[in-house]
Every structure is written in C-alpha cells, then in structure tokens.
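Chemist:
Protein chains: 2
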Amino acid sequence: MKKYLGVDLGGTNVRVAVVSETGEILEEIKRPSLADQGPEIVLDNIAVMIQTLNTSKECLGVGIGIPGPVDTERGCVTLATNIKGFAGFPVIDYLQKKLNMPVYLDNDANVAGLAEAVVGSGRGKKIVYYVTHSTGIGGALVVSGKVVSGHNGYAGEIANIVIDRNRPKVDHLNAGAVENWASGTALVRQARELIDPEITSAYPIFLKAQDGDAKAIKLVSTMCEDMAYMFSAIAHVVEPHVFVIGGGVSQSHEFYFDEMIEKFKGLVHPGMKDVEFRLASLDEPGVIGAAMLCSSNGDA
Amino acid sequence: MKKYLGVDLGGTNVRVAVVSETGEILEEIKRPSLADQGPEIVLDNIAVMIQTLNTSKECLGVGIGIPGPVDTERGCVTLATNIKGFAGFPVIDYLQKKLNMPVYLDNDANVAGLAEAVVGSGRGKKIVYYVTHSTGIGGALVVSGKVVSGHNGYAGEIANIVIDRNRPKVDHLNAGAVENWASGTALVRQARELIDPEITSAYPIFLKAQDGDAKAIKLVSTMCEDMAYMFSAIAHVVEPHVFVIGGGVSQSHEFYFDEMIEKFKGLVHPGMKDVEFRLASLDEPGVIGAAMLCSSNGDA
Chain A
2 MKKYLGVDLG GTNVRVAVVS ETGEILEEIK RPSLADQGPE IVLDNIAVMI
52 QTLNTSKECL GVGIGIPGPV DTERGCVTLA TNIKGFAGFP VIDYLQKKLN
102 MPVYLDNDAN VAGLAEAVVG SGRGKKIVYY VTHSTGIGGA LVVSGKVVSG
152 HNGYAGEIAN IVIDRNRPKV DHLNAGAVEN WASGTALVRQ ARELIDPEIT
202 SAYPIFLKAQ DGDAKAIKLV STMCEDMAYM FSAIAHVVEP HVFVIGGGVS
252 QSHEFYFDEM IEKFKGLVHP GMKDVEFRLA SLDEPGVIGA AMLCSSNGDA
Chain B
2 MKKYLGVDLG GTNVRVAVVS ETGEILEEIK RPSLADQGPE IVLDNIAVMI
52 QTLNTSKECL GVGIGIPGPV DTERGCVTLA TNIKGFAGFP VIDYLQKKLN
102 MPVYLDNDAN VAGLAEAVVG SGRGKKIVYY VTHSTGIGGA LVVSGKVVSG
152 HNGYAGEIAN IVIDRNRPKV DHLNAGAVEN WASGTALVRQ ARELIDPEIT
202 SAYPIFLKAQ DGDAKAIKLV STMCEDMAYM FSAIAHVVEP HVFVIGGGVS
252 QSHEFYFDEM IEKFKGLVHP GMKDVEFRLA SLDEPGVIGA AMLCSSNGDA
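Chains as they are written, first to last, in the working numbering: chain A, 2 to 301; chain B, 2 to 301.
1. Nearest chain A C-beta to Ala-234 of chain B closer than 8 Å, yes or no?
2. From the beta carbon of Met-261 of chain B, is the nearest beta carbon of chain A less than 8 Å away?
3. Are the region 281-299 of chain A and the region 57-69 of chain A touching, with three or more C-beta to C-beta distances below 8 Å?
4. Tell me which residue opens and which closes the alpha helix (DSSP H) that Thr-133 of chain B is part of.
5. Any idea what DSSP makes of Ile-159 of chain A, helix, strand or coil?
6. In the DSSP assignment, the alpha helix (DSSP H) including Val-189 of chain B goes from what residue to what residue?
7. Give the C-beta separation of Met-273 of chain B and Ala-229 of chain B to the nearest angstrom, bearing in mind that I take them to be a contact with Cβ-Cβ under 8 Å.
8. Any chance you could list the beta strand (DSSP E) runs of at least 3 consecutive residues sitting entirely within the region 35-97 of chain B, in chain order?
9. Does Asn-111 of chain B get closer than 8 Å to chain A when you measure Cβ to Cβ?
10. Glu-29 of chain A lies in the beta strand (DSSP E); which residues open and close that run?
11. So with Cβ pairs under 8 Å, would you call Asn-153 of chain A a contact of chain B?
12. Classify Ala-176 of chain A as helix, strand or coil using the three-state DSSP reduction.
13. Along chain B, in chain order, which residues have C-beta atoms closer than 7 Å to that of Thr-79 of chain A?
14. Cβ atoms of Tyr-105 of chain A and Glu-240 of chain B: under 8 Å apart, would you say?
15. Is it buried or exposed for His-134 of chain A, if we count other Cβ within 10 angstroms and need 16 for buried?
16. Going by CA-CA distance only, name the one from B:Val-189, B:His-237, B:Gly-248 that's closest to Val-221 of chain B.
17. Taking Ser-253 of chain B and Ala-203 of chain B to be in contact with their CB atoms under 8 Å, please state how far apart those CB atoms are, rounded to whole angstroms.
18. Taking Cβ-Cβ distances below 7 Å as the criterion, which residues of the region 152-184 of chain B are in contact with chain A?
19. Only counting the same chain, and skipping five residues up and downstream in sequence, which positions put a Cβ closer than 7 Å to that of Asp-94 of chain B?
20. Output needed for Ile-196 of chain A: all residues of its chain with C-beta closer than 8 Å, excluding positions within five of it in sequence on either side, in chain order.
21. Output yes if chain B places a C-beta closer than 8 Å to the C-beta of Ile-128 of chain A; else output no.
22. DSSP state of Ser-222 of chain A, grouped into three classes?
23. For the region 238-255 of chain A, which residues have a beta carbon sitting closer than 9 Å to at least one beta carbon of chain B?
24. Verify the CB distance criterion: does Val-149 of chain B have a CB-CB separation below 8 Å to chain A?
25. Under the rule that 16 or more other beta-carbon atoms within 10 Å means buried, what is Val-49 of chain A, buried or exposed?
26. Given a threshold of 16 other Cβ atoms within 10 Å of its Cβ, counted over all protein chains shown, does Asp-300 of chain B qualify as buried or as exposed?
27. Decide if Asp-259 of chain A is buried, meaning its Cβ has at least 16 other Cβ atoms within 10 Å, or exposed.
28. In terms of residues, what are the limits of the beta strand (DSSP E) holding Asp-107 of chain A?
29. Using C-beta distances below 6 Å, list every residue in its chain close to Pro-40 of chain A, excluding the 5 sequence neighbours before and after it, in chain order.
30. How far does the beta strand (DSSP E) with Lys-147 of chain B in it extend, from its first residue to its last?
31. Identify, in the order they occur along the chain, each residue of the same chain with its Cβ nearer than 7 Å to the Cβ of Ile-162 of chain A, setting aside the five sequence neighbours on each side.
32. Once the 5 residues before and after Gln-211 of chain B are set aside, which same chain residues still bring their CB inside 8 Å of it?
33. Three or more C-beta pairs closer than 8 Å, one from the region 4-20 of chain B and one from the region 139-148 of chain A: is that the case here?
34. Work out the CA separation of Gly-248 of chain B and Gly-24 of chain B for me, nearest whole Å.
35. Around the C-beta of Gln-191 of chain A, are 16 or more other C-beta atoms found within 10 angstroms, so that it is buried, or is it exposed?
36. Using a Cβ-Cβ cut-off of less than 7 Å, give me the residues of the region 69-93 of chain A that come near chain B, in sequence order.
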C-alpha cells in the first residue's frame, strides 16, 4: 500500500500525517505552526515533524495545504492570508531540498475538495465541486481526481461571485459578493442588525427561524436564494456531477439545504436538476487531501 | 501524421473533413444536413459523405459536433435544438456500427472551444475558457486539452448565468441571464426599443456609439458591464489562463473589448487581473474541433 505525507498548515497549528492511498490516517502529529516567524522557521518545523513520524521514510511524497491562493506551477503562495512572509516564497523548492522527496502545494479549500472528491462524498464522480459554507465561503474544482487550481490559484475563489449587484459594498470583495451576504459571518452581521445584537453564530438564527421568527425566516430564506444563485453560476460554468458541501454552517444543513436546493433547481435548465448536493464526510480533509496531492499531481 | 474525421452538424448544412493532428484541414465536403428527416437519415448521410473522402480510411476516428447539450458518457444528445428527433438517440452506437471506427460526440460550442484550445488562440495554455459572443452566448471549458462537458453536457451553458437578478424575464432563461442582455440578439432588441426600430444587427449599434449617440454609448457600456459580470463569475469558478472569444459580435471587438476587459478587472481579485482575453483565430473551429475530439478523448 502506497503512503504519502499530508501537511495541513494553518495560522495557529500545523498537522502532519502519514496517509494511505485510500485516505486512511496512519500516524499524525500536531504542533503550533509558528506562523508569525517567517517561512523558513515554519517549514523547518514541518521538516522536523516529518522526521519524527515513524513511517515517513516509506512515503512517496509530501503534499501541503495552505491558506490563500497558490500558484501550483511556480510552487509558491500568491497571497498569504495569515502566515507571515509566505507570499512569493519558494515553498516547494525549499522543502524539496530539505526532504529529498517530491513536494506538492495547494490551498486549503482545494486540498479539502480533493480529499472529498477522491476518498470522501464525491468518490467515484468525475466532476466534483466542493464548497465550504463556513464563516467564509470557498470552493474547489476537482476533475477526474485532479484539482483545477487556476492560472494563479484563484479557481474556487467563489466568495467573490456577485449574486446581486445592487447590494452595498461590505469589504474588499465585490458589491453583492456571495460571501458578504450568505456566509456565517454575513448571517451574523445581518442578524445582529435585524434581530438581536447579541447573536454570535449562525445556529441560533436557524433556531429562531424554526421557531417562526419572521425576520429570521426571511434572513435564512434570502441566504438560501443567494447560495442558489452562486451554485447556479457554478453549474453553468462546469456542471459538476456532485456538489460536496462542508464547513460550519453546513452542519445546520437540516435547516436550509432543502430550500436552497429547491431554489437552485429554479435557476438551472431542466436537464441540470439532477446534480447532487452531498454533505462533506471527512473529519480531517486537510491532511488527507494534502497527502492526496501526491497521487493527484505526481507519478507517485 | 495522424488523421481524424471531423463532422460539423448544423441545422442547415453538415461539413465533413479529414483533419491532421495539428489541425490542418486536408479534405472537406459540405452538404445539406437533412436535419428535419430524423436521426437515421442524417447519420446515414454523414456516413456516405465520410466514404466519399479519399483518405477517410486512414483516419483513426470520427468526432462530431452537434448543437445542444450532449451527454458524452452515454453518447447521445440531451436536448436537441434544431435537429429533429436527436434527443436521446444513440448517435455514437449507431455510427460506430456503420463505420467501424471510434466515434466521439460533443456540442458545437465545446468542439469549437477544443479547437481553439488545442490548435487555435489558446494553444499551449492549460485552462482555456472559450466564449462565443454571437446571436447567443455559449462557452466551453477545456483543461489540459480535454473538454469538460459536465454531468449532462451543460458545462459552458453560460448564457443562463444571471448578471443582474433584478431585470425582467425575457424568455425561458433566468431573469437577468446574460444572453438576454448582452448577446447580439439582446443588443438588437434593446436598440430597436431605445434607438431605431429598423436596426437588425449589432454592428450599426457600435457605429452609432462611436459617432457619439448617447443611447448607443449607454447600451454598449451596459453590455460591457454585463459581459464583465459573466467573465468574473467564470474566473472565480475556474480561473482560466486565457479566455478565447469567438462569434459574430466579437468581430466588432475594437468597439468594446477594452471597456469590457477594464470592467472585468474591476470585478476580480488583484491577483487575477492578468488573465488574457484573446480573439478566436480559426476559420472553421467546428470541423477541426470535432476531429480533435478523437485525440482529446480517445487513445487515437
């Protein structure tokens, strides 16, 4: 059985695991990522963690998932979000020399999408579009088991898709960008204004809607419609066999998936209505998908 | 040099050509497609045309481009637009038995996109998104020389992408669908209402705008903005290395490309602004792309 190393690098912690070709985690360690200490220290720390694992020498390669868009062709991060000094740093070159094995890099949403496509809910489907519905909104396109990262790593940056160009601008994203109106953060922002300034997460909003609160019902319904416009745009661009949806908000799927999918069906051609919406199924798509970069991209 | 047969099947005419692996047309014939006489007669006619070509026996396969979404996995048309009785007919099975060589099928926009991606303006680029800006609006995604057709053949049906959900519904497409506001047909419809009921094509609208007609300037400008929203949605879903644009309206590119691209840049992340917009370059992408289906999908 082939084995790969998967690295899930976040702003606070980094996980390193030995993963089997079928997506099973065989060994795993987690340590602080030292994200504020610059790329060399962050990567040296990862190299030490790899050497600590018993079976790391049996692995055929290392895959790394990292926040922000990644230029997979040049092997570096285009725009680092919460890891200092990573933008433009030659991550692949640096680690490859240190570890003497192939190194692959992609962003965390793409990596999670790859895991779900290959060994999770999208398994066996040719075109998988993974969507994280969480504090933010992210996505990943996986075709025939390979991530399509985009020219500069921005494929799947669906947060910025405009679902209603007449809404006011909220932040650096487009006016009417879906993340500003349908993400967990956006729901909370709107609920604080409209319903209760003490609300801090999406879950109580769903509960209020279930209890018949008219404002909460309207808010959830508009979120469903906004998400449906986003899914409809994606479907007309790539028509996936399945949408796999993960992320914190999607854990409340019983409160909104039916309405969202119904609205989606109203925004696509009749022949496209059979696209499936499935919940993500992996506990740790980060390390698993990172490891899968080795089999997806390389000859390993 | 490998040779393939390409078939460009339209509602009026059908072209059959022998095409080299580098996209050169070596032999070609054109006849009426007999589109109203049912699939057997249409396909028998194509088979006879193929046998008429001198070098058809040297070809490694046949590719067919056909209007409307195609289920490439089952080898049939999902929804025939202007060819009678084709929906659900097993085109590939029928022709394969008759010709005794591999047969591939895809829709005409996907086929044209494949030609442009492999031997036209997108040559050498990994992710190509082809857009026809014509009486209608269509598209095709080509990744690493292979068409991504979608689950039911609807990938690239970008006509139905909503660029402004607050516009009135025009036809069977979504209210605010880009085709209803930015296609050649949509431009003419709006120009007849706003400017001159005698207008019959997009070109005179561009000329009026150039001459300083305020209404024409506004119309062209809004079209540029609407197209920019569509391109922005596509870019956030797949981030192509290049957009290749063909079709009748794009022949007037000097009147609107600059403004459209400028508006696009205002609707994407700063790191995505270097995506290239190129004009389609092939005279007959239909037969060439159809032939390329053989090398793109098969082992041929």
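For every residue, glycine included, the Cβ atom is placed at its ideal position computed from N, Cα and C.
Modeler: Taking the geometry as given:
1. yes
2. no
3. yes
4. Segment 128-134 is the beta strand (DSSP E) holding Thr-133 of chain B; no alpha helix (DSSP H) there.
5. helix
6. 185-195
7. Not confirmed; about 13 Å, so no contact.
8. 63-67
9. no
10. 26-33
11. yes
12. coil
13. Gly-272
14. no
15. buried
16. B:Val-189
17. 6 Å
18. His-152, Asn-153, Tyr-155, Ala-156, Glu-158, Ile-159, Asn-161, Ile-162, Val-163, Asp-165, Arg-166, Asn-167, Asn-175
19. Gly-76
20. Ile-206, Lys-209, Asp-214, Lys-216, Ala-217, Leu-220
21. yes
22. helix
23. Val-238, Val-239, Glu-240, Pro-241, His-242, Val-243
24. yes
25. exposed
26. Only weak support exists for where Asp-300 of chain B lies, its pLDDT of 48 falling under 50; the value from the coordinates is given anyway. Result: exposed.
27. exposed
28. 104-108
29. Gly-86, Phe-87, Phe-90
30. 147-149
31. Ala-178, Val-179, Met-231, Ala-234
32. Phe-256
33. no
34. 19 Å
35. buried
36. Pro-70, Thr-79, Leu-80
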